[in-house]
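Inspection log for the structure reproduced underneath, given as structure tokens.
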Amino acid sequence: MAVVSQVIGSEWTKIRSVRSTVWTLGLTVVVTVVLGALICLLVKNDFGSMPARERLTFDPTNTAFAGMGLGQLAMIVFGVLVVSNEYSTGMIRTSLAAVPQRGTFLFSKVVVATVLAFVVALVTAFVAFFLGQAMLGPDLRVALGDPGVLRAVFGGALYMTLIAMFSMGVAAMLRSPMLSLGILMPFFFLISNILGTVSATRKIGRYLPDQAGQRIMKVVLTDDVPYGPWSGLGIMALWVVAALVGGFVLLKRRDA
Amino acid sequence: MIEAVGLTKRYGAKTAVHNLSFQVRPGTVTGFLGPNGSGKSTTMRMILGLDTPTAGHVTIGGHPFRKLPNAPRQVGALLDAKAVHGGRSARQHLLSLAQLSGIPARRVDEVLGLVGLQDVARKRSKGFSLGMGQRLGIASAMLSDPQVLLFDEPVNGLDPEGILWVRNLMKQLASEGRTVFVSSHLMSEMALTAEHLIVIGRGQLLADMNVKDFIAANSAGFARVRTPDTEPGLAEKLTAALSAAGGQVAPEPDGALRVTGLALPRISDLAHEADVRLWELSPHQASLEEAYMQLTQGAVDYRSAVPPQVPHGAVPPQAIAQPPGMEPQGYAGGPPAGVPGPYAGQPGPFPGAQPQGAPVPGPYGAPPQPQPHPQAQPQAPAGPPPAAPADPTQQHSEDAR
Chain A
16 MAVVSQVIGS EWTKIRSVRS TVWTLGLTVV VTVVLGALIC LLVKNDFGSM PARERLTFDP
76 TNTAFAGMGL GQLAMIVFGV LVVSNEYSTG MIRTSLAAVP QRGTFLFSKV VVATVLAFVV
136 ALVTAFVAFF LGQAMLGPDL RVALGDPGVL RAVFGGALYM TLIAMFSMGV AAMLRSPMLS
196 LGILMPFFFL ISNILGTVSA TRKIGRYLPD QAGQRIMKVV LTDDVPYGPW SGLGIMALWV
256 VAALVGGFVL LKRRDA
Chain B
206 MIEAVGLTKR YGAKTAVHNL SFQVRPGTVT GFLGPNGSGK STTMRMILGL DTPTAGHVTI
266 GGHPFRKLPN APRQVGALLD AKAVHGGRSA RQHLLSLAQL SGIPARRVDE VLGLVGLQDV
326 ARKRSKGFSL GMGQRLGIAS AMLSDPQVLL FDEPVNGLDP EGILWVRNLM KQLASEGRTV
386 FVSSHLMSEM ALTAEHLIVI GRGQLLADMN VKDFIAANSA GFARVRTPDT EPGLAEKLTA
446 ALSAAGGQVA PEPDGALRVT GLALPRISDL AHEADVRLWE LSPHQASLEE AYMQLTQGAV
506 DYRSAVPPQV PHGAVPPQAI AQPPGMEPQG YAGGPPAGVP GPYAGQPGPF PGAQPQGAPV
566 PGPYGAPPQP QPHPQAQPQA PAGPPPAAPA DPTQQHSEDA R
């Protein structure tokens, strides 16, 4: 196990000594929080003119996370860069020459990046929640102690962490940062949303990682989705496991 | 000690390394020579367990790298000096590598001082020159103070001072009893740095021998003879006379004659007897670089569109006698000190040359000796290295530079 702690120490040095870490994670916080707060402010001002049905099913918690759709893209970039930097710079050969146990290497890298992503996501989720509720004002806001709210906020942090992990797995499989981002960004920003909205593909679309995982951030559940918040997160976790196992198997078998 | 046995690597239809067997011994600098794309880097990666061989195996100290206990503390490697994250400082880069192998941080500052990068240690490596990057790569290889060191093209981009530094560093590391394996495509550099040479071309072993033997076997002397241009018949007349006396004569591109197998005074006497005036009669020595070019000529993958003119002395006499189209495999894995069999397969650049018994690659003055194993039969075991000039190293050191 000495090797694991060595690799974790090394990965921590690597992750904190490049600027892309600060940029991507900083952008995640700023975009998610600011966008969520803005949308909450808009909703508060327009609430009176909204249709009755929407007013009845209004979810103040989820509205505060409205910036996450965009903020997660920065998280994806973080996850992709952490892994694919090794390949684009050629460091992977030096790294694997020093740690011939490739599984240990990938595992330690993912652990370090995941812990960091989780801390940032946790801060993001709580700040976005409190700022969003402050913007919504005393009439619309909910408290952290209300039923389901804490689960949704904490779940929001888990969701973002899983997004980062999924990106790491995909990047480990594809190696190239451009290819990984070129697939992940449009997928999470466009394709998944389209598949989840179009009625023909809706039943499949809701089993995609982000569609399933986002359910945990909802407090007011109105749709007919056949799984609950935690099951949704579980489905997302299965995607993450699949991506990471795929990345591990390829790393193990491939020439570096 | 690094040992490769039947090492083969194929990428789809392309064979990068074919049936390569060699040993790299501790205590000496072993040069790994070959043109670009000849499989040097692939071999290095296989030694480090990064690429899996298609066939054969390579071990370090008896273990494959990935099963070597405490591998990063035993083996240090510079594969690609550019393989650093440009946004990371030199110190952070080395620190991350040190932590990876459980090396204390103070060693990082030590190696930074060793390679002369202490002043830029906290600068981002993006702004490093090629030479600084190379030094950083060498520092990373030496981090763990390993017993086995691999360097892939370490002098690339270094200035003369840096080249000298690397050369002395390699020698010093070897003198401490370490195994030092250095690849290069520059024969001249290796002639000064390495004691032992492993030469490959197109992924196959061309030579595995001591540098001294390589020099003795490959840098043959010859005489350049020029007859007056104004009288065209003289050259033919002299050629006939010299051939009759047992010399080998080949025309040079500029109209001069290249004569091997006859001493300079003898050539002069023969010319006098044949009543041929001479405008030039000069001794020449083939340089190592030329010998190496000749050796690898058939094994170069990426060649300039216009082949460079064969320089003076580029053709060791053996090459002349070779019928083209022979496979060099017969020699792969031959005795390390053997005759440079790989010349088989080199089309002789002078088609008019004598096909029978190859002349001895001795000095131009040495009498011709019968070759015990005609080189036209590549399967025959290689004979002992033929008579060489008294001290070839001394004589060629200038050429090699």
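Protein sequence lines, in the order shown, are assigned to chains A and B. Basically my numbering = 1-based index in the first sequence + 15. Basically my numbering = 1-based index in the second sequence + 205. For glycine and all other residues, C-beta sits at the position ideal for the given N, C-alpha and C.
Worksheet item: What does DSSP give as the partner residues of proline 488 of chain B in its beta bridges?
Response: B/Ala428
Practice prompt. Give the DSSP bridge partners of alanine 260 of chain B, in chain order.
Written response: B/Thr213
Worksheet item: Which ranges would you report for the alpha helix (DSSP H) in the region 379-404 of chain B if only whole runs of at least 4 residues count?
Response: 392-398
Worksheet item: Going by beta carbon distance, what residues of the same chain come within less than 7 Å of valine 210 of chain B, once the five residues before and after it are set aside?
Response: Ser226, Gly261 and His262
Discussion item. According to DSSP, simplified to helix, strand and coil, what is leucine 283 of chain B?
Written reply: strand
Fill in: Beta-carbon contacts of glycine 299 of chain B that lie in its chain and below 8 Å, excluding the five residues immediately before and after
The sequence shown places leucine at residue 299 of chain B, rather than the glycine named in the question. Excluding residues within five positions, the ones whose Cβ falls inside 8 Å are Val313, Val316, Leu317, Leu341, Ala344, Ser345 and Leu348.
Discussion item. Using a Cβ-Cβ cutoff of 7 Å, what residues of the region 45-64 of chain A are near chain B? List them in chain order.
Written reply: none
Worksheet item: Mind checking whether isoleucine 91 of chain A and leucine 196 of chain A have CB atoms under 9 Å apart?
Response: yes
Practice prompt. Could you name the residues of chain B that glycine 94 of chain A contacts, counting a contact when the two beta carbons are closer than 7 Å?
Written response: Here the premise fails: no neighbours, minimum Cβ distance about 17 Å.
Worksheet item: Over what stretch of residues does the beta strand (DSSP E) that includes glutamine 352 of chain B continue unbroken?
Response: Per DSSP, glutamine 352 of chain B belongs to no beta strand (DSSP E) and is neither H nor E.
Worksheet item: Apart from the five residues on each side of it in sequence, which residues of its chain come closer than 7 Å, Cβ to Cβ, to methionine 392 of chain B?
Response: Leu238, Leu493, Glu494 and Tyr497
Worksheet item: If the cut is a Cβ gap below 7 Å, which residues of chain B does glycine 24 of chain A touch?
Response: Gln304
Worksheet item: Since histidine 268 of chain B sits in a beta bridge, which residues does DSSP pair it with?
Response: B/Ile265
Worksheet entry | Beta-carbon separation (whole angstroms), methionine 232 of chain A vs alanine 167 of chain A, contact threshold 8 Å | 5 Å
Worksheet item: Which residues in chain A sit within 9 Å of lysine 287 of chain B, going by Cβ to Cβ distance?
Response: Thr104 and Gly105
Practice prompt. Can you give me the Cβ contacts of alanine 326 of chain B inside the same chain, cut-off strictly under 8 Å, excluding the 5 residues immediately before and after it?
Written response: Ser294, Ala295, Arg296, Asp314 and Leu317
Practice prompt. From the DSSP output, in three-state form, read off aspartate 154 of chain A for me.
Written response: helix
Practice prompt. Can you tell me which of the three DSSP states glutamine 87 of chain A falls into?
Written response: helix
Worksheet item: If you compare alpha carbons, which of A/Met175, A/Gln21 and A/Ala179 is closest to asparagine 275 of chain B?
Response: A/Gln21
Worksheet entry | Nearest-angstrom Cα separation, counted from leucine 121 of chain A out to alanine 252 of chain A | 18 Å
Worksheet item: The alpha helix (DSSP H) with phenylalanine 227 of chain B in it runs from where to where?
Response: Unbroken run through phenylalanine 227 of chain B is the beta strand (DSSP E), 219-229; no alpha helix (DSSP H).
Worksheet item: Who are the Cβ neighbours of alanine 399 of chain B in its own chain at under 7 Å, not counting the five residues just before and after it?
Response: Val234, Thr235, Gly236, Val387 and Val416
Worksheet item: Is the distance from the Cβ of arginine 482 of chain B to the Cβ of alanine 461 of chain B below 9 Å?
Response: no
Fill in: Residue range of the unbroken beta strand (DSSP E) whose run includes arginine 463 of chain B
462-465
Worksheet item: Which two residues bound the contiguous alpha helix (DSSP H) that contains proline 293 of chain A?
Response: Residue 293 of chain A lies beyond the stretch modelled for chain A, which goes from 16 to 271, so this question has no answer here.
Fill in: With 16 other Cβ atoms within 10 Å as the buried cut-off, status of tyrosine 216 of chain B
exposed
Worksheet item: Contact check, leucine 486 of chain B vs leucine 467 of chain B under 8 Å by CB: the rounded distance?
Response: With 8 Å as the limit, leucine 486 of chain B and leucine 467 of chain B do not qualify as a contact, their Cβ atoms being about 11 Å apart.
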